[in-house]
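A.B. asks: Here the sequence shown is numbered in the numbering used here, starting from 745 and rising by one per residue.
Cβ coordinates follow ideal geometry from the N, Cα and C atoms, glycine included.
If you're wondering where the values come from, they're calculated on a predicted model, not measured in any experiment.
Take this structure first; my questions come after.
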Amino acid sequence: MTTRGLFITFEGIEGVGKSTQIRAAAAALEDLGIDALVTREPGGTPMAESIREVLLARRDEPVHETTELLLMFAARAQHLEILIRPRLAAGQWVLCDRFTDATFAYQGGGRGVPRERIAQLEGIVQGDFRPDHVILLDAPVDVGMSRARHRGELDRFEQEAMGFFQRIRDAYLARARLDPQRYHIVDAAQSLEAVSGAVASFMQVLVRDRGQGS
Ligand code: Z5A
């Protein structure tokens, strides 16, 4: 019987290094003989990537918080059913740049959507499916902003004020503290090498604990 793959998500405010560290994690796993799928949210399948474009586009029309919330979960439903679940069932490990913790942090902490409403949609879309491990890359908001903001035009989220991102950081940390077995907080204000080292060491522990790899 095929052993289900592990589902590991990378979370944090913008600019903390999620995209960089997910690649470092995949490379560390490859060295250990594990071929992991790297994907992201919102997005991950052609249709979910189309929803991402709708979500990130800057527009004059105000976007209602319920519209934003439902689009996040619409993209997630497609991503989960068409890509993530089949790959995990086939035994592949899946590394995902953001997942539902981002919805609790951004739409919940950032926008003020009640937690219960998000949890309801989580139940509809995911049932009891949750990430096996969440790597929370944590750094002060000004550190993330200064890394992310020299990339050119800002998307709809990046246009928000510092207070928005501070609430998001607080929401992530509060969730992580409730479940320290599943959430692994990494100090992302450290050098790139130090953060990659911490992420690679954690991958080694996971592979050893599963008795997998070559
Ligand atoms: N969103 C939401 O609201 N609700 C949801 O449920 C979901 C998402 C799933 C898209 O996310 C937006 O969707 C996001 C939240 C919302 N909006 N925001 N903000 P995204 O993940 O695609 O966008 P992002 O968070 O803006 O990603 P990012 O800015 O690309 O950040 P990152 O991936 O964490 O950082 P990075 O690209 O790896 O690194 C940024 C730069 O810093 C780069 O030049 C690196 O070389 C550098 N870097 C990274 N680490 C270091 C260290 N340690 N030292 C020095 N320099 C570093």
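1. Buried or exposed: glutamine 851, going by 16 or more other Cβ atoms within 10 Å of its Cβ?
2. Less than 7 Å between the CB of tyrosine 916 and some heavy atom of the ligand Z5A, yes or no?
3. Quick one, are the C-beta atoms of leucine 881 and valine 760 less than 8 Å apart?
4. May I ask which residues mark the beginning and end of the beta strand (DSSP E) holding glutamate 755?
5. Compare the C-alpha of arginine 874 against each of Glu902, Ala768, Arg842, Ile912 and name the closest.
6. Taking the alpha-carbon positions, what's the alanine 944 to aspartate 923 distance?
7. If we call anything under 8 Å between Cβ atoms a contact, is leucine 813 one with valine 857?
8. Could you round the C-beta distance between arginine 919 and phenylalanine 848 to whole angstroms and report it? I think they count as a contact, below 8 Å.
9. Taking its Cβ as the centre, do 16 or more other Cβ atoms sit within 10 Å of leucine 750, making it buried, or is it exposed?
10. Name the one or two DSSP bridge partners that threonine 879 has.
11. I think glycine 853 touches isoleucine 912, with their Cβ atoms under 8 Å apart; what is that distance to the nearest whole Å?
12. Measure the alpha-carbon distance for glycine 867 versus arginine 921 and round it to whole angstroms.
13. DSSP on threonine 747, reduced to helix/strand/coil?
14. Would you kindly check if the distance between the Cβ of tyrosine 916 and the Cβ of glycine 845 is under 8 Å?
15. I'd like the span of the beta strand (DSSP E) that includes threonine 764, first residue to last.
16. Nearer than 7 Å: is that true of the beta carbon of leucine 880 relative to any heavy atom of the ligand Z5A?
17. Measuring CA to CA, which of His894, Ala905, Gly835, Ser935 is closest to glycine 957?
18. Is phenylalanine 901 near the ligand Z5A - that is, is its Cβ less than 7 Å away from at least one heavy atom of it?
19. Taking 8 Å as the threshold, find out whether the region 753-771 comes into contact with the region 925-940 through three or more Cβ pairs.
20. Enumerate, from N- to C-terminal direction, the unbroken beta strand (DSSP E) stretches of 3 or more residues contained entirely within the region 882-958.
21. Checking 8 Å against the spacing of the C-beta atoms, do isoleucine 879 and phenylalanine 754 come in under that value?
22. If you compare alpha carbons, which of Thr811, Arg784, Pro806 is closest to glutamine 822?
C.D. replies: From the atom records:
1. What you label residue 851 is simply residue 107 of the sequence shown in a count that begins at 1. Flag for glutamine 851 reads buried.
2. Within the sequence shown, residue 916 is the residue found at index 172, counting from 1. No; taking the cut-off as 7 Å, the Cβ of tyrosine 916 has no heavy atom of the ligand Z5A nearer than that.
3. Numbered from its first residue, the sequence shown carries residue 881 at position 137. Numbered from its first residue, the sequence shown carries residue 760 at position 16. Yes; because the gap between Cβ atoms is below 8 Å, this pair is in contact.
4. For the purposes of this step, residue 755 is identified with residue 11 of the sequence shown, where counting begins at 1. Per DSSP, the continuous beta strand (DSSP E) segment holding glutamate 755 begins and ends at 751-755.
5. Locating residue 874 in the sequence shown gives position 130, counting from the first residue. Between arginine 874 and the set Glu902, Ala768, Arg842, Ile912, the nearest pair of CA atoms involves Arg842.
6. On the sequence shown, residue 944 is found 200 positions in, with the first residue counted as 1. On the sequence shown, residue 923 is found 179 positions in, with the first residue counted as 1. When rounded, the distance between both Cα atoms is 22 Å.
7. The residue given as residue 813 occupies position 69 in the sequence shown. The residue given as residue 857 occupies position 113 in the sequence shown. In contact: leucine 813 and valine 857 (Cβ atoms closer than 8 Å).
8. On the sequence shown, residue 919 is found 175 positions in, with the first residue counted as 1. On the sequence shown, residue 848 is found 104 positions in, with the first residue counted as 1. So it is a contact: roughly 6 Å between Cβ atoms.
9. Residue mapping note: residue 750 aligns to position 6 of the sequence shown, counting from 1. Buried, by the Cβ-count rule.
10. In the sequence shown, residue 879 corresponds to position 135, counting from 1. Before going further, note that residue 879 is isoleucine rather than threonine in the sequence given. Bridge partners of isoleucine 879: Phe754, His928.
11. As a working note, residue 853 is residue 109 in the sequence shown. As a working note, residue 912 is residue 168 in the sequence shown. Sure, about 5 Å apart at Cβ, within 8 Å.
12. For the purposes of this step, residue 867 is identified with residue 123 of the sequence shown, where counting begins at 1. For the purposes of this step, residue 921 is identified with residue 177 of the sequence shown, where counting begins at 1. Answer to the nearest angstrom: the Cα atoms are 22 Å apart.
13. By 1-based counting over the sequence shown, the position of residue 747 is 3. Here threonine 747 sits in coil by DSSP.
14. Your numbering for residue 845 matches position 101 in the sequence shown. Your numbering for residue 916 matches position 172 in the sequence shown. According to the sequence shown, residue 845 is aspartate rather than glycine. For aspartate 845 and tyrosine 916, yes; Cβs fall inside 8 Å.
15. Position 20 of the sequence shown holds residue 764. That residue, threonine 764, is in no beta strand (DSSP E); its alpha helix (DSSP H) goes 762-775.
16. For this step, residue 880 is matched to residue 136 along the sequence shown. Within the chosen limit of 7 Å, the ligand Z5A does not reach the beta carbon of leucine 880 with any heavy atom.
17. Taking the sequence shown and counting its residues from 1, one reaches residue 957 at position 213. Looking at the Cα atoms, Gly835 is the closest of the given residues.
18. Along the sequence shown, read from residue 1 onward, the residue named residue 901 stands at position 157. Under cutoff, so the answer is yes.
19. In this structure the region 753-771 lies against the region 925-940, because at least three pairs of beta carbons, one per stretch, are closer than 8 Å.
20. 927-931
21. Taking the sequence shown and counting its residues from 1, one reaches residue 879 at position 135. Taking the sequence shown and counting its residues from 1, one reaches residue 754 at position 10. Against a cut-off of 8 Å, the Cβ pair of phenylalanine 754 and isoleucine 879 comes out as a contact.
22. As a position in the sequence shown, residue 822 is number 78, starting the count at 1. The option with the nearest alpha carbon to glutamine 822 is Arg784.
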